[in-house]
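What follows is a set of notes on a single structure, which appears directly below.
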Amino acid sequence: MPKRVSVSVRNKLPQPKTLVPNPKGTALCPSCSAIYERKRWFENQARARELAADRTVALVRCPACARQKANYPEGILTVTGAFVAAHHDDILHTIVSTSKRERAHDTLCRLLDVRASREGMTVTTANERLARKLGHVLHSSFGGELTFVFSHDDRLTRVHWNRDSLGRESARTVKKR
Ligand SMILES: [Zn+2]
Numbered sequence: 031m032p033k034r035v036s037v038s039v040r041n042k043l044p045q046p047k048t049l050v051p052n053p054k055g056t057a058l059c060p061s062c063s064a065i066y067e068r069k070r071w072f073e074n075q076a077r078a079r080e081l082a083a084d085r086t087v088a089l090v091r092c093p094a095c096a097r098q099k100a101n102y103p104e105g106i107l108t109v110t111g112a113f114v115a116a117h118h119d120d121i122l123h124t125i126v127s128t129s130k131r132e133r134a135h136d137t138l139c140r141l142l143d144v145r146a147s148r149e150g151m152t153v154t155t156a157n158e159r160l161a162r163k164l165g166h167v168l169h170s171s172f173g174g175e176l177t178f179v180f181s182h183d184d185r186l187t188r189v190h191w192n193r194d195s196l197g198r199e200s201a202r203t204v205k206k207r
């Protein structure tokens, strides 16, 4: 069964603040070797090797790895429509290449999961910025409709991109009266 991040499941998970506390000082992520220094997370292999050799440096999982492990995304992008099925590979390529580019600027911009759904694709991201960016790039590349919904309760940003919702209407006609 596909994993879904439903409201009831999310309520049982730790709140984002306790899930991803900022380290007190310099820290190294044991999962991806991201570094926390001067109040931000970034990647630098040479510096990561230095820090790994220093036993006084705290090992703290970075927010992206913590969210990956807990299956607790900050952004969810859904893409739907007839166009999506017909251009699956182009859209997937756009999502993956945009994510790589964004991660080069900000290590916390990471894809957590990409899944096919009946109506298109569902993509989860470690931070909301990447979900928004993906929505904007798909919209500017292929047109369609883009919507954003931000939930203050759980700090979750939902981005929905739709391009030609032809299949949806016909699927809905099977309905009991
Ligand atoms: Zn990490």
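For what it's worth, our numbering labels the leading residue of the sequence shown as 31, then goes sequentially.
Just so you know, even glycine gets a beta-carbon here, dropped at the ideal spot from N, CA and C.
Limits of the beta strand (DSSP E) - the one that residue i falls within
i, result
"T128", "Element bounds for T128: not the beta strand (DSSP E) but the alpha helix (DSSP H), 118-135."
"V189", "186-192"
"Y102", "Taken as a continuous stretch (DSSP letters only), Y102 belongs to no beta strand (DSSP E), as it is neither H nor E."
"R70", "70-72"
Reduced DSSP category for residue i - H, G, I as helix; E, B as strand; rest coil
i, result
"G150", "strand"
"V144", "strand"
"R79", "helix"
"V90", "coil"
"L138", "coil"
"R97", "helix"
"A57", "strand"
"V204", "At V204, the pLDDT of 36 sits below 50, so the modelled position is not reliable; the number obtained from the coordinates is stated separately. V204: coil per DSSP, three-state reduction."
"V114", "helix"
Per-residue burial, residue i [other beta carbons within 10 Å of its own, 16 or more giving buried]
i, result
"R207", "Reliability fails at R207, whose pLDDT of 38 lies under 50, so the model's placement of it is uncertain and the value that follows must be treated cautiously. R207 is exposed by the Cβ-count criterion."
"C180", "For the sequence presented, residue 180 should be read as Phe rather than Cys. Classification of F180: exposed, given that the 10 Å Cβ count is below 16."
"S127", "exposed"
"G174", "buried"
"Q75", "exposed"
"G165", "buried"
"K163", "buried"
beta-carbon residue i near ligand 1 non-hydrogen atom, thresh 7 Å
i, result
"C92", "yes"
"S129", "no"
"C29", "The first residue shown for the chain is 31 and the last is 207, placing residue 29 beyond what the model contains."
"C95", "yes"
"C139", "no"
Alpha helix (DSSP H) segment containing residue i, residue limits
i, result
"E175", "Taken as a continuous stretch (DSSP letters only), E175 belongs to no alpha helix (DSSP H), being part of the beta strand (DSSP E) at 175-181."
"R159", "158-172"
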